[in-house]
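Scroll down for the structure; my scribbles are underneath it.
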């Protein structure tokens, strides 16, 4: 180990692929500062201090989309950068999601909620439309679980 190696400390986060009761998938088309142009993205956000990952995933799904889901599958948790840290991502698949409220997103960037078929979700993944690695990994793991 190298002494005084730089370590990037950021909050842990959740990403959620939500499958609705009708069998489509909730994603956003959005703009993020670190991504050129628009990107597809799953539901996600930072965990609040002391918040359990599943609780954070449920909160983010409700806040961002107005949906709740009765079935949750953990897809794993992964360090963002093995050399510098940058938080741990907790990845989930939510199944049977139904709209129960109006969304109340707190993102500053513009985003549009989409309902994609499984084929469209896979096509977006294969085309590189999920432009952040954590988003692409979440979608890929969810598609593996759904097959």
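In my numbering, the protein residues as written are 968 to 1114. Glycine included, C-beta positions come from ideal geometry on N, C-alpha and C. In this text the structure is predicted, and so the values were computed from the model without any measurement.
Apart from sequence neighbours up to five positions away, no residue of its chain approaches residue 989 with a beta-carbon distance below 7 Å. Between residue 981 and residue 1012, the C-beta gap is smaller than 8 Å, which places the two residues in contact. Pairing residue 1000 with residue 1024 gives a Cβ-Cβ distance that is not under 8 Å. Taking 8 Å as the cut-off, the beta carbon of residue 1010 is found closer than this to the beta carbon of residue 1032. Relative to the Cα of residue 1046, the nearest Cα in the group 979, 1091, 1114 and 973 belongs to 979. The continuous alpha helix (DSSP H) containing residue 1105 extends over residues 1100-1113.
Residue pairing by DSSP places residue 1056 opposite 980 and 1045 in a beta bridge.
Between residue 1041 and residue 1059, the C-beta spacing is below 8 Å.
Residue 1011 sits in a strand when the DSSP states are folded into three classes. Going by C-alpha positions, residue 1112 is about 13 Å away from residue 1089. Looking from the CA of residue 1110, the closest CA among 1091, 1070 and 1098 belongs to 1091. Residue 1085 and residue 976 have their C-alpha atoms some 35 Å from each other.
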